[in-house]
Structures are given as structure tokens and as C-alpha cells.
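Following: one structure in C-alpha cells, then a few remarks.
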Amino acid sequence: MTKSSSSDELPGARTIENTDKYSSNSFTTPEERQKQANASPEKYDPLKEQKESQSANLPATGISFTEYEHDFGVLNEGDSPEHVFTFTNSGSEPLILEKCKGSCGCTVPTCPKEPIPPGGTGEIKVRFNSKNKKNKQTKKVTVTANTDPVQTILTIKADVIPAPEEANG
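Each step along the sequence shown adds one to the number in this note's numbering, with nothing skipped, and position 72 is 73.
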């Protein structure tokens, strides 16, 4: 920002005012400068942003599962069992399941596409493909819906017995 000259200054001379909010005419110690340099910015939280954007779009409701974890027990490598997780819309708004995602390609969930009315029930089918899996396995299914919290985690477990090695002949 510039100021026009006054009568006690040279004719035609201008005074420059420093309006930079980061500059200061006062002295800062090296410790103060280091503290300012190390100040951490607010951390980015994608779930916070997702929750804020979703809550603006859809009214929040509740979801309640009869179980949040299922153990298939002992499986033979190559088995592909399925489990059904049953849930209830425990809120007062229609429940909309936006996305159901497995933690890997071996875990495939199937979610209802239609809104679930308040008090209504639904099912999420989860198929686990144990091909090329061995020993103890724990997989997650993330259900994203117009709920608070936005995401619900379901877990499946299995103890996979490796297939016998084929003889090389």
C-alpha cells in the first residue's frame, strides 16, 4: 500500500507501508522463529470432509447389525463360503447404503441398492474366496451409509488349511 507524500517529505517522494501480515518490525528471537516454523498445520482428515459433505446431502439415520464379526472356522484352501450379515435401520430416516467394499479382492460384499425404511431390515452378503490364502485370515468389509458414524466395519475370519502340494513328476 502506498501513501502520498506530505509537506515535510521530498516533493514527489512516496512512503511505502508494509502490509505483509507475515513481516514484523519487531525483533523475534531465534527460539520464537523456530517455534513458528515448527507449528503444525491442521491435519487433513478425509473422513471429516466426507462426513460433512454427506450430512449436508442426506439426513443421518442409524444402522444396527445382529453381529459385526463372523468366523468361518477351518476352511480348505479354495473354499468360497458366504455369510449374511443382517441389519436394521435403527433411525428415523430411510437408510441408504452408498458403498460396501471388501479389504481385498478375495472378500466380495453384496449390498441392497434400495433405501431401507426406518425399522426395516436388510442383508449384506459377503463371499470369501480362500484360493491362494493360507493359515489365519481376517478380512474387513467397510459399509458406507447415511449414518453417524458414516462407516461401519464388518469382519470375517477363517483358518485356511493349505492345499496339498502337487507332486512334480
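All C-beta atoms in this analysis are idealised placements derived from N, C-alpha and C, irrespective of residue type, glycine included.
Boundaries of the beta strand (DSSP E) harbouring G123: T122 to F129, taken from the DSSP string.
Separation of the CB atoms of F129 and P165 is rounded to 21 Å, and the pair is thereby denied contact status at 8 Å. In the DSSP assignment, V142 is bridged to G103 and L155. In this structure, the straight-line span from the alpha carbon of F73 to that of D80 is close to 11 Å. Per the Cβ contact rule, the stretch 84–93 is not in contact with the stretch 134–141 (fewer than 3 Cβ pairs under 8 Å). Looking at N90, C107, E32 and E94, the one whose alpha-carbon comes closest to that of A159 is C107. Between E99 and T145, the beta carbon gap of about 5 Å places them in contact (Cβ cut-off 8 Å).
With respect to I157, V109 sits apart: the two C-beta atoms are not nearer than 8 Å. When DSSP states are grouped into helix, strand and coil, P31 belongs to the helix group.
A Cβ-Cβ separation of about 13 Å leaves T122 out of contact with G92 under the 8 Å criterion. Put simply, the backbone Cα of G103 is about 53 Å away from that of T30.
As the crow flies, the alpha-carbon of I117 is around 5 Å from that of L96. The Cβ atoms of L76 and I154 do not sit closer than 8 Å to each other. A Cβ-Cβ contact shorter than 8 Å links I125 with C101. Between P119 and N90 the beta-carbon gap is near 5 Å, inside 8 Å, which marks them as a contact.
Within 10 angstroms of the beta-carbon of C112 lie 16 or more other beta-carbons, which makes it buried. Looking at the backbone, the Cα of S131 and that of E78 are separated by about 5 Å.
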